[in-house]
Amino acid sequence: MLVKQKLPLSYLFNMIKVDVVRVFFFSITFNIFKFFFSDYLPSMPAQLPTVLGTAISLVLAFKLNHSYDRWWEARKIWGSIVNDSRTLILQLKTYIQTDVLGYDETGKFIQKMANRQIGWCYALGESLRGLDNQATIHQYLIPAEAGYVLPQNNKPYAILALHMRDFKELLNKQALNPFQQVQLDSTVSRLVGYMGMAERINSTVFPVTYRVFVHFFIYLFLIILSLGLVETLGPLEIPILIVIASTFFLIEKTATYLQDPFVNMPTDTPVTAIARTIEINIKQLLEEPDVPEPITPEDFYLK
Amino acid sequence: MLVKQKLPLSYLFNMIKVDVVRVFFFSITFNIFKFFFSDYLPSMPAQLPTVLGTAISLVLAFKLNHSYDRWWEARKIWGSIVNDSRTLILQLKTYIQTDVLGYDETGKFIQKMANRQIGWCYALGESLRGLDNQATIHQYLIPAEAGYVLPQNNKPYAILALHMRDFKELLNKQALNPFQQVQLDSTVSRLVGYMGMAERINSTVFPVTYRVFVHFFIYLFLIILSLGLVETLGPLEIPILIVIASTFFLIEKTATYLQDPFVNMPTDTPVTAIARTIEINIKQLLEEPDVPEPITPEDFYLK
Amino acid sequence: MLVKQKLPLSYLFNMIKVDVVRVFFFSITFNIFKFFFSDYLPSMPAQLPTVLGTAISLVLAFKLNHSYDRWWEARKIWGSIVNDSRTLILQLKTYIQTDVLGYDETGKFIQKMANRQIGWCYALGESLRGLDNQATIHQYLIPAEAGYVLPQNNKPYAILALHMRDFKELLNKQALNPFQQVQLDSTVSRLVGYMGMAERINSTVFPVTYRVFVHFFIYLFLIILSLGLVETLGPLEIPILIVIASTFFLIEKTATYLQDPFVNMPTDTPVTAIARTIEINIKQLLEEPDVPEPITPEDFYLK
Amino acid sequence: MLVKQKLPLSYLFNMIKVDVVRVFFFSITFNIFKFFFSDYLPSMPAQLPTVLGTAISLVLAFKLNHSYDRWWEARKIWGSIVNDSRTLILQLKTYIQTDVLGYDETGKFIQKMANRQIGWCYALGESLRGLDNQATIHQYLIPAEAGYVLPQNNKPYAILALHMRDFKELLNKQALNPFQQVQLDSTVSRLVGYMGMAERINSTVFPVTYRVFVHFFIYLFLIILSLGLVETLGPLEIPILIVIASTFFLIEKTATYLQDPFVNMPTDTPVTAIARTIEINIKQLLEEPDVPEPITPEDFYLK
Amino acid sequence: MLVKQKLPLSYLFNMIKVDVVRVFFFSITFNIFKFFFSDYLPSMPAQLPTVLGTAISLVLAFKLNHSYDRWWEARKIWGSIVNDSRTLILQLKTYIQTDVLGYDETGKFIQKMANRQIGWCYALGESLRGLDNQATIHQYLIPAEAGYVLPQNNKPYAILALHMRDFKELLNKQALNPFQQVQLDSTVSRLVGYMGMAERINSTVFPVTYRVFVHFFIYLFLIILSLGLVETLGPLEIPILIVIASTFFLIEKTATYLQDPFVNMPTDTPVTAIARTIEINIKQLLEEPDVPEPITPEDFYLK
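Chains as they are written, first to last, in our numbering: chain A, 2 to 304; chain B, 2 to 304; chain C, 2 to 304; chain D, 2 to 304; chain E, 2 to 304.
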C-alpha cells in the first residue's frame, strides 16, 4: 500500500513513461505534417474530441470504480482475517476446559494453535503473492505438522485442516463441549472463505476485451484531440497534449494497479504488515514475551 | 474466461464485424450523396452529436456496469462453491466419529462423499452450460446413486439430496452428534443456494427493451455523427467513423458477453477449471493418489 | 419477463406512442411558426440543449439504475424462494425420524408439506400481482387447512404458520430433535422474510416527485432541442426529433416498467414460471408421479 | 410516502418557490442591466455554462443517489421490522409448550406479547419522528410494564427488554427449551438492530459542506447561464431560465427530502401504515376479533 | 460530525484558502501577460476546457462517492456497535441465572460488565482517534482488570478478552447454559469484528496516486479555463475563475475529509457522542442512578 508522505514523482513517471513517449512522437509528427502539408490536412470538427472525451471519461470512471472495488474488497477480506484470527484466539482461551489438559498443557496448546494461526496469515499472504512459504511454515508450525502441509499445493488450506483436527481431539477429550466445537468450526469455515475470496480476486482477470478497448480508446481520443489542437495552437499543442495525456494515463494505470492487489508490488494490499499486526495482538493477549515490532513503511509503501 | 496474454485480434474483430460493415456502408452512402447532391443535404448542427454522444455513453456505462455485476456475481458464486466444498470436506473429516464405522470404512465413506462433491461441481457447471452431464455422474458417483440422479431434471439438486441422506444415516448411527448434523446441513443449504443463484443469472434475461434501444441508439448516434462529419472531413470521415464505431460496438459487445457467464463461450466463468481446483485441493487434503493437473488455458481462454 | 427472441415492435411502439404523438405535434407547430413568423423567433443558443441533454441523461441514468436494482432485487428474492423451498424439502426428508410416524405416514406427511410449500409459492405470486389465490389454496392445501388460510388478508403468511404448527407437532412426537426444529424454523423465517421483501418492493412507490420531474425534464429538453433544430434543419427536424424523442422515452418507460415487477404485465418477474420450476424440482426429488411441464414463453414473455 | 395518484402541483411548487423567486429577480436584474448598459456587459463564453452544467449535473446525481439510498435503506429497515415481527409471533406460537402454562394462559400470554410487539412498532415510529409515544405505550402495554418503560429515554429499547425478561421466565418454567430461547433471543437482537439502524439514519446529518456547495453551485450555474442567455434571447431568457431552474431545484429538493425519512413530513417512510399492517397480520393470525382497517392515503400521501 | 445549523463560513474558507490564493495568483499573471503580450498568447480552443471539465467532474464524482462510502461505512460500524452493546446487556440480563450468584451479586456483576462495555466504546473511539485512553480505562474498569489491559497495544481487544473470560466463569458456575455462552460469544465476536472494521478504515490510505492526479487535474483544468476566459472576459475572468475554483476545491476537500472519519476533526464520526448514547441507554435500562446527559454540539459540530 502506498503511504501518504513520500510518494516519489519518479514512481508516477515510471507508470506512464512508455505511453507519454508515444504521445510525444505522434504529436511531433502531426506538427511537422502541419508545417509542410498544412493545406492538405482536414480540419477536425470541434465536437469530435468533446464526444470522445465524454465517452472515454465514462469508461475510465467505470474501470476506476470496479478496480477500486476489487482493491477495497481485497482489503476487507484481510480485515476479516484480522477479525477472525483475533476471535479464534479469544474463543480458544474461553472454551478449552483447563482441567482436562492441565493448566500448563492448555497454555502450550493454545500457544501452538496461536502460532499456527499467525503462520497461516503469513503463509496465505505469500501464497497469494506467488512467493515461497516454506520458511514461514517451518517457523510457525511444529515439524510434524509442517511435514503434512508442505507437500500440498494449497498450503493455507492444509493448515486450517490441522486446526480442525485439533478441535476434534479436544472434543473427544471433552475439553470442548459440542456447541463450542461447532462455534470454532464456524470460525474456521469463515477463514476458509476469506482464503477463497482472496484467491478469487487473484485468479480472476479483469475483462480483457475491456482492458484492450480502454487503452485503444485513450489513444484514439488523444490522436483526434491532437489533430484538433495542432491547427489552433501549433507547437504549443505538444506540451498541452502531453500534460492531458499524462492525466488520462495516470487514471488508467492507477486503475490497472488497483485491480490486482496481491502481485508483490508497492500498490499491494499490505498483507505482511497486517499479518504482523495479528501476530502482535495475539501474542500480547496471550502475554507472550517475544512480541515483534509493527512493520513500518520503508520508502513510500507498506509491504 | 479470457486470459491476459494471447487475445487474438481476430477474436475482437469477429465480435463487431457485422456492425462495422453496416457502418462502412452507410458512411460510404453519405459520402456519395454528398458528392452528387451536396447542395440538398442539410447541415447537421454541431450540438446534436454531442448531446447524443453523452446520452449513449451514459446508457452504455449503465449496461457495462450491470453486465459486469452479473459477471462478477457469477464468479463470486463459484468462489463460494470453492469455499463451501472445501469446508464440507474439512467438516466431514473432523466430525465423523472414526470408532463408529471403523477407521477404514470412515476413510472410504469420506472418499465417496468427496468424489460426489467433486462430481457435483463438474455436473453443475455442465448443467449451467446446457451440456450433458451423464458421463460426469457416472464417473464420480457410485452406480446406485447415479441411478437415482440421472432421471431427474435438476441433477445437481439430486446429488445434494444424497449428501443429506448420508448425514441422516450418520446421525442415526451416532457417528455425528446432532449439532454436527445441523452444521453439515447448513453447509449443504448454502450449496443449494449457490446452485440456485447461478441458475438465476442463467435464466434471467437482461431487460430486452434495454438491449434493443441501446443498439438502436448507437446506430442513431453514428448516423448523425456521420452526417455531421461528412461535410467537414469528406472521405476521411469513413475511416474515422469506423474507428469510433468499433470502439462503441466493442463496449456494447463486451457488456453483452459479460451478461451471460454460463453459455459455453470463451468469456464464460471458467467453471471447469474451478471444479478442477476443487478436485485437486480436496484430493490432496485427503492424501489421495490420483490428483489431476490444474487446467491451463488452451488458446486465449480458460474454460 | 420479456424473452430474447420474439419482442414485437408493436410492443415497443405502444410503450411510447402517446409521448411520440405529442412530440410530433409540437415539432410541427414550431415548423409552422418558423415558416410564418421566422423573424420573430429567437435563435436558441447552442449550449442550452447540450447542458440540458447532459442533465437529462444523468437523471435518466439514475432512474434506470435504481429501477434496475428494484427489478433485480425482485428476481433475487424469488431466487431465494427457489433455494429455500428446495432446502426445506431436503431438510424435511433428512430430519424426520421415519420410525416415529411409520414409513408410509412419513412419506405422506412430507408430501403434504411439499404440496403446501408449492402452493405457497403460487399463492405468493398471485397475492403480489393482486390476483385471487383461492383456487390455488384449494388445490394445494387439504380442506381443513384451506379453511384456516382463506379468511385471512395475508394468506401466504397463514400458510407458513401451518408449516410451523406441524414442526411443533413433530417435535412433540420426537420425530424431530430440538436442533432440527430450530433449523427448520430458521428456514421458514427466511421464507417469511422473502415474502415481506417482495411486498416491500410492491408497496413502495418510486419517489413520485422524481417521476414527475423526469417526465417534465424530457419534454423541456425536447422543446428546446426542437427550437434549436428548426432553424438549421427546417422540416427535416421533425423526423430527427421524433427518433431522438423515441429513444429517450424508451429509456424512461423501460425504467418505469422495471420498477414494478409484480403488476401482472409482460415485464413482471416470472413468478408463475419460477413456482412451476420449484414444483418440478420438489416432485422429482420426492419421486412423485404427477410432475408438470415447465412453463414456456407464450408470445414474447414468460409469465 | 407520496402516492402515485394525487400529487398536487402546489406541493411541488411550495418545495421550490423561494429559490424560483430569487432566480426570477436576478434574471430580471440582468435584463435591465443589459437594456441600459448593454455595451459594458462582457459576453459570457459559451463553454462556461456547458462545463458548469456537466459538473452540477454530476454532483446532483451523486446527491440524488445517496439520498435515495438512505430513503431505500429506511424502507428496508421497516420491511425487516415487518418480517421479524411476523416471525416473532410465529415462533412464540410454535415454541411455547401449552401444557406448562395451560391452554388459556398460553393464549393470553401470546396475546400480551403480540400486543407489546405491535405497540413497539408504533412507538418506534413515533420516537423516530420525535412524537410523544405515551398514549401508544398505555394502549398496548399492561400498566405495570408501561410503568417500567415510560421513564426511560429510549422507550422502544425498554419494550424489547420486557420481551427478553418474559423469555427468561418461560425458559425457567421450561415452557421453552434452551434452543428456542436462544432463537427468540436472536429475533429480538435483530429487532434491536433495526431500531438502531433507523436511529442511525435519523441522527446522521448528510455531509453539511456538501449541502452548502451544491446549493451554491446551482446558483453559480444559473447566474452564468443567465448572463449567457440574456444576450441572445433578451427578455425571453426569463421564462426559460425559470423553467430550467425549477427542474434543477426540484431535483435538489427531492434529494433533500429523501435524505430524512423520519421527520413527520409527507415524504416520510410510512411507518404508521406499516405498523398497522403488522397489527392486522398478527391479529388475524392469532384469530383475534378486533382487527383494525389498513391505513389508506388521505390526500396525496401515506403517513 | 458537522451539524446543520451553525456551519461558519470561515470553516469552509479555511478548507480551501491555500488553493484559492494560488488560483488568484495565476489568473492575475495571465491577465498581466495578456495586457502586455496579447499578440503572442495563443487562443485556447473552446473544446479543451469542456473536455477537461467533463473528465474532472467524473473523477471528482468518483472520489466523492468512495469517500462518502468510507464515511457512511464508518457510521454504520458505530451504529452496529450501538446495537450490539445494547444486545449484550439485554442478553446478560436475560441469561444469567440469578440463583447461582444470588440476586445482589448478579446485579453487581451485570453492572461491572455494563461499565466495561461502556468503557470499551469510549476507549475504542479514543484509540481510533489516536488519543490516550488510560483515563477512560481507569474510570470504567476495576483496577485489577485495568492492570491487564493497560500494557497492551490494542486495549479494546484486551477489554473484550475480559468479557470472554467472565463468560467462561459463568458457564463453569452454571450461571449460563452452553447455548447462552455460545450466543454471548457470538455477540462479542461481532464486536471484535466492528473494532477491526473501524481500524481497517483508519489504517487504509485512499489510493495515493489517485489523490495526486485529482489535485493536479483540477489545476490543469483551471489553468486551461483561465487561458480560455482571459481573452473574452479580461479582468472579469479573475473573480469568475475564483468562484468556480472554490466550488471544485470544496468538492475535493469535502471528499478528502470524509475519507478519514477517525482523525479527531470536526468532520469525524461522532464517536464520543455515540458512546455517550450507549452509556445512557444501558444505565437507564439497568435503572442505575448516575445517568449522564447526552452530548450536544458545541460550536458547529458533534464530537
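Glycine included, C-beta positions come from ideal geometry on N, C-alpha and C. Just so it is clear, the structure is predicted and the values come from calculations on it, not from any experiment.
Alpha carbon of residue i to alpha carbon of residue j, nearest angstrom
i         : j         : result
Glu22(A)  : Ile243(A) : According to the sequence provided, residue 22(A) is Val. The question's Glu does not apply to it. Distance between the alpha carbons of Val22(A) and Ile243(A): 9 Å.
Leu61(C)  : Ile252(C) : 7 Å
Lys156(D) : Gln140(D) : 14 Å
Trp79(E)  : Ile275(E) : 8 Å
Pro46(D)  : Gly54(E)  : 15 Å
Tyr302(E) : Leu8(E)   : 8 Å
Gln182(E) : Ile90(E)  : 14 Å
Asn116(D) : Ile138(D) : 10 Å
Ile160(B) : Ala136(B) : 14 Å
Leu228(A) : Thr257(D) : 45 Å
Phe222(D) : Ile29(B)  : 42 Å
Pro240(A) : Ile239(E) : 25 Å
Ala147(A) : Leu163(A) : 10 Å
Gly103(D) : Asp167(D) : 16 Å
Bridge-paired residues (DSSP) for residue i
i         : result
Glu299(A) : Tyr302(A)
Leu228(D) : Leu228(D) is not bridged to any residue.
Leu3(B)   : Tyr302(B)
Sequence-distant residues of its chain with Cβ nearer than 7 Å to residue i (five each side left out)
i         : result
Val101(A) : Lys174, Gln175 and Ala176
Gly126(C) : Val272, Thr273 and Ala276
Gln92(A)  : Gln184, Leu185 and Thr188
Ala124(C) : Asn134, Thr137, Ile138, Lys156, Pro157 and Ile160
8 Å Cβ shell around residue i - same chain, five flanking residues per side excluded
i         : result
Thr88(C)  : Thr188
Tyr69(B)  : Ala256 and Leu259
Ala199(A) : Ala75, Ile78, Trp79, Leu125, Leu129 and Phe263
Thr278(E) : Val83 and Pro295
Lys113(D) : Ile143
Partner residues on chain B for residue i, Cβ-Cβ distance less than 8 Å
i        : result
Arg87(C) : Tyr158, Val193 and Gly197
Ala47(C) : Pro46, Ala47 and Gln48
Neighbourhood of residue i by C-beta distance below 6 Å, restricted to the same chain and skipping five residues each side
i         : result
Phe218(A) : Ile57
Arg130(E) : Phe263 and Asn265
Leu171(E) : Leu177
Arg212(C) : none
Leu226(B) : Pro50
Contacts of residue i in chain C (Cβ-Cβ under 7 Å)
i         : result
Thr252(D) : The residue you asked about is not Thr; residue 252(D) is Ile in the sequence shown. Result: Val60 and Phe214.
Per-residue contacts from residue i into chain E (C-beta, under 8 Å)
i         : result
Val206(D) : Met2, Leu3, Val4 and Lys5
Leu317(D) : Any property of residue 317(D) remains undetermined from this structure, which presents chain D solely from 2 to 304.
Interface residues of chain E facing residue i [CB-CB closer than 7 Å]
i         : result
Val52(D)  : Pro50, Thr51 and Gly54
Ser190(D) : Thr88
Amino acids of chain A, ordered along the chain, whose beta-carbon sits closer than 8 Å to that of residue i
i         : result
Arg76(B)  : Arg201 and Thr205
Arg166(E) : Lys94 and Thr95
Contact list for residue i against chain D, beta-carbon separation under 9 Å
i         : result
Gly108(E) : What Gly108(E) touches in chain D: nothing, since even the nearest Cβ is about 14 Å away.
Contact list for residue i against chain C, beta-carbon separation under 9 Å
i        : result
Tyr69(D) : Phe63, His67, Pro208 and Tyr211
Under 7 Å from the C-beta of residue i: neighbouring residues of chain H
i         : result
Phe180(D) : Looking at the structure shown, chain H is missing, and the protein chains on hand are A, B, C, D and E.
What are the start and end residues of each continuous alpha helix (DSSP H) run of 4 or more residues lying completely inside the segment 230-260 of chain A, in chain order?
238-260
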